[in-house]
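Report on the structure given below.
Below you can see the structure in the form of structure tokens.
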């Protein structure tokens, strides 16, 4: 069995990730307001119901780049909005913030949203468009799932998305997750890397940019959601309290227009977009540039949720016992903005 030894390079890489997460999430996790004061609203657009928004994000991640750019490039201000982006320590915290009224809009996972709706929170989604399948499994010893039987698979926590996806992937490869492997919770990818190196686990989930660190340490990609399960995934949805959506349609349109401008900048100037990841998330230049290419094709500027990714989500939610069957759209989605996007996205 090949063993990885601790060395200066490994320590430096891990410290880089640790410092990035500490700086961005901290002890409870909010990012400072960088929105500033709104400029005068475009007179050609309908009057905004409110001009200040607080937006919740669960974690710092490359897939939120359109929002980061809309903030730093002044796109929110161009729409007459003052927007504060707050980063929390996971879905649970960002859901609580929205439920408590300290946040107006969340851009977060669908699994956290579904759990909140199951808990009778009056939330509705109103936009998708984040269809990236950015979940991978890496190992220092395995190169495929052929020899996975009897191995130890690391996940973040039991009951998490990584837990459900790992169990789903194992079943697809003919393995019983209860009998054929061990599933061990190791926390975030920064914890998984030393656990892999010291042989505590054999395989672990990962995402961008931690997966680049694993590759640089000589580890192998065993499988991925994109290549082995579904080419797309419901990475994030945009949601709010139903009353807020009903009372502030023009404000929501302005917010979404600015976010879509962020996507257009990523498409047209990926080098400039990568600089935002370097400055805001402390990515290295190499990791920032490598992060752009895999995420760009999976933004949908009209807010659509890819059907394949949505089908996979419901299958996993059913397996996990979160829902008994796939929800009809009218139960969870206000499709007004998606259906009329070609009218107001100008």
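Residue numbers (our numbering): 5 to 350. Note that CB positions come from ideal geometry on N, CA and C, so glycine has one too. Just so you know, these numbers come straight off a predicted model, no measurement behind them.
Between the alpha carbons of residue 152 and residue 176 lies a distance of about 13 Å. Bridge pairing for residue 243: 110, 129 [DSSP]. The three-state secondary structure of residue 224, taken from DSSP, is strand. Our two residues, residue 326 and residue 336, have alpha carbons roughly 14 Å apart in a direct line. Less than 9 Å divides the Cβ of residue 238 from the Cβ of residue 134.
Counting along the chain, residue 58 sits inside the beta strand (DSSP E) bounded by residues 56 to 61. Under DSSP, residue 332 takes part in no beta bridge, so it has no partner.
By the CB criterion at 9 Å, residue 255 and residue 55 fall inside the cutoff.
Taking C-beta separations shorter than 7 Å and ignoring five residues to either side along the sequence, the partners of residue 314 in its chain run 238, following chain order. If you compare the alpha carbons of 83, 109, 98 with that of residue 242, the shortest gap goes to 109. Residue 322 sits exposed, since fewer than 16 C-beta atoms from the chains shown fall within 10 Å of its C-beta.
Put simply, the backbone Cα of residue 94 is about 11 Å away from that of residue 65. Between residue 208 and residue 141 a beta carbon distance of about 7 Å is seen, short of the 8 Å cut, so the two are scored as contacting. A distance below 9 Å separates the beta carbons of residue 132 and residue 304. Counting C-beta pairs with one atom in each stretch, the stretch 182 to 198 and the stretch 153 to 168 have three or more that are closer than 8 Å, which means they touch.
Between residue 98 and residue 144, the C-beta spacing is not below 9 Å. The beta carbon of residue 277 sits closer than 8 Å to the beta carbons of 69, 73, 269, 270, 296 from its chain, once the five residues preceding and following it are set aside; these are given in chain order. Per DSSP, residue 89 is one residue of the beta strand (DSSP E) stretching across 86 to 91.
Counting every other CB atom within 10 Å of its CB across the protein chains shown gives residue 289 a total below 16, marking it as exposed. The alpha-carbon of residue 180 is positioned some 26 Å away from that of residue 114.
Annotated as distal: residue 262 and residue 227, with beta-carbon spacing of 9 Å or more. Taking a C-beta distance under 9 Å as the contact criterion, residue 198 and residue 287 do not qualify as a contact pair. Between the alpha carbons of residue 125 and residue 103 lies a gap of roughly 7 Å.
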